[in-house]
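Position in the sequence shown (first residue = 1) + 7 = my numbering. Notes follow the structure.
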Amino acid sequence: MAFALISLAFAYLFYLLLATISTLYFHQLCNIPGPKLWIAFPILRYIALVRGQLDIHMQAFHKKYGEVVRFGPDEVSFITAQAWKDIYGHGHRQLPKVPHSTSNPSDIISANDSDHSRLRRALSHAFSVNGLQSQEPILQSHVDKLIGRLKDIAASPTPEADMVKWYNLTTFDLIGDLAFGEPFGGLESSEYHHWVATIFQAIRGMAFVKLKNAYPLFFRVLSFFLAPKRLMEARKRQIEYSRTTVQKRLQNQTNRSCTDFIDSMLQHRGEKDKEITDQEIEANANVLIIGGSETTATLLSGITYWLLRTPDAMRKVTEEVRSIMKTEREITFHNTANLPYMLACLNEALRIYPPVASGLQRMTIPPGLTQISGYQIPPGTKVSVHQTAAYRSPLNFHTPDHFIPERWLPETKDDPYSSFYNDKRSVLQPFSVGPRNCIGKNLAYNEMRVILARVLWNFDLELCAESRGWERQRSYLTWEKPPLVYTLSKLNPAS
């Protein structure tokens, strides 16, 4: 009996050895370089994921192996502009998203191609030019509250503010108003609404869900040392609160003074190519709340930090805002689109601190091979452009780890003697490309410009000592941001 068990164990180990050798040296992807330990033992990828270190590893892998990296048995990452077109772009059959148990086929992110097109049409009015014009007064009213609260802090004996918190309170209140016609009340209370607080935990919990799906036994062991169940429960609570909030909103269809995103979805009831169910409204409301708030607050936090880290850039963008805008009321969607240095700062912030840190995976499909950035990729391979790795790569940008807005100015881009002339700017696609690019891109840009410009118009800022090194963060698709504390000084003490 003992001999049989030992023989079985040796046979299993021999099988694992052969499988590992086959994966490393005889697989169709064996010509693509990458970390052999990760390819042989894909559990390492999931350990890095739950530790919030995956994106740091991916950046290091691309610096070592180049523009394409195989980092798992069937996973390949790219950092080229061509890969954006080949994986996500128009002009070829769409590569499907990689399914996970965290996916919801009822939302616009995870839906199949036909449902995605229908959902996008149902939401299109809310993000059209007319839709954005109607949203500007709502946005400005929330920014008024933000500036008022910051002025109170600036006038206090301790004029220090955690801008991660204040940006989040603002963007969540705004998206609550735009989505449901009712803000979350964060700017009034100075505290996160319980749904908002749950969202932060839910995003991190998704990493543990993926680990549980791939390695259920290892997940059980890990549960004794960490608290993944608490994070996963937070995700369930967040989805349930989204459902109840939508149902409450659907029951309140009267006495409404303005339209919101729910109205945009409801107005297509009865139209064959735009019909949307209550379940789909619930799922997409959840997506809109997270996508329309957390990512914008992340970028605002990042650009403020990097401007404070780069005094010359802060001086230039502040002078531009205060010299071109004669009054604060001139800071509008339209006018802030004509601030070239601020636009350069925003592009540089999106490059050095992209709100979505990782790659959005797609699956290659049969028949035949799929050409991506010059590489022939077999069916069943998970492929992506890894944003942080692409934007921090010296293959794409000169001095990639430095915040230099000038690289985006037209005169710099067109100057063959500039150090940044050969920067591969088209690799920067923070809102993705193709038929599934971010539907809220224009709204996000408008938010970022107006909020940043009004903060710079009203205040001089100074980074506090405890927030130096703020950029060293873990990431779970988005960044886990610590407090960003700085001192506020009102530009006009009498205001």
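No residue lacks a Cβ here, since even glycine has one placed at the ideal position from N, Cα and C. Source: prediction; values computed, not measured.
Local conformation of residue i per DSSP, three classes
i: residue 78; result: strand
i: residue 438; result: coil
i: residue 502; result: Residue confidence for residue 502 is low, a pLDDT of 49 falling below 50, so the modelled location carries little weight and cannot support an answer.
i: residue 271; result: helix
i: residue 35; result: coil
i: residue 215; result: helix
i: residue 240; result: helix
i: residue 486; result: strand
i: residue 286; result: helix
i: residue 158; result: helix
i: residue 6; result: For the chain, the structure presents residues 8 to 502; residue 6 sits outside this window and is missing.
i: residue 50; result: helix
i: residue 398; result: helix
i: residue 312; result: helix
i: residue 104; result: strand
i: residue 383; result: strand
i: residue 416; result: coil
i: residue 478; result: coil
i: residue 64; result: helix
i: residue 445; result: coil
i: residue 116; result: coil
i: residue 152; result: helix
i: residue 333; result: coil
i: residue 408; result: coil
i: residue 428; result: coil
i: residue 251; result: helix
i: residue 457; result: helix
i: residue 182; result: helix
i: residue 177; result: helix
i: residue 292; result: helix
i: residue 204; result: helix
i: residue 95; result: helix
i: residue 403; result: coil
Cross-strand partners of residue i (DSSP beta bridge)
i: residue 495; result: 468
i: residue 366; result: 393
i: residue 85; result: 75 and 392
i: residue 169; result: 492
Proximity of residue i and residue j at Cβ, strictly below 8 Å
i: residue 466; j: residue 495; result: yes
i: residue 488; j: residue 171; result: yes
i: residue 224; j: residue 493; result: no
i: residue 62; j: residue 397; result: no
i: residue 394; j: residue 361; result: yes
i: residue 320; j: residue 410; result: yes
i: residue 464; j: residue 379; result: no
i: residue 181; j: residue 149; result: yes
i: residue 31; j: residue 291; result: no
i: residue 474; j: residue 491; result: yes
i: residue 267; j: residue 162; result: no
i: residue 144; j: residue 372; result: no
i: residue 390; j: residue 91; result: no
i: residue 139; j: residue 342; result: no
i: residue 59; j: residue 479; result: no
i: residue 83; j: residue 419; result: no
i: residue 45; j: residue 51; result: yes
i: residue 69; j: residue 400; result: yes
i: residue 477; j: residue 312; result: yes
i: residue 416; j: residue 347; result: yes
Nearest residue (CA-CA) to residue i, options the options
i: residue 78; options: 60, 164 and 40; result: 40
i: residue 72; options: 86, 81 and 60; result: 86
i: residue 374; options: 497, 195, 121 and 100; result: 100
i: residue 80; options: 386, 160, 118 and 60; result: 386
i: residue 427; options: 438, 414, 25 and 461; result: 414
i: residue 237; options: 439, 247, 209 and 221; result: 209
i: residue 153; options: 142, 166, 177 and 74; result: 177
i: residue 344; options: 358, 359, 357 and 328; result: 328
i: residue 197; options: 446, 445, 122 and 179; result: 179
i: residue 407; options: 358, 376 and 422; result: 358
i: residue 438; options: 75, 298 and 221; result: 298
i: residue 435; options: 356, 457 and 220; result: 356
i: residue 174; options: 135, 422 and 194; result: 194
i: residue 470; options: 310, 93, 331 and 222; result: 310
i: residue 107; options: 317, 211 and 217; result: 217
i: residue 66; options: 457, 366 and 88; result: 366
i: residue 254; options: 422, 221 and 293; result: 293
i: residue 222; options: 48, 276, 137 and 115; result: 48
Min CB distance residue i to chain B below 8 Å
i: residue 288; result: Annotation note: the requested chain B is absent from the structure, which comprises a single protein chain.
Decide if the stretch 352-364 is in contact with the stretch 40-58; the criterion is three or more beta carbon pairs, one per stretch, under 8 Å apart. no
Indicate whether the contact test is met: 3 or more Cβ pairs, each with one atom in the stretch 303-314 and one in the stretch 117-133, closer than 8 Å. no
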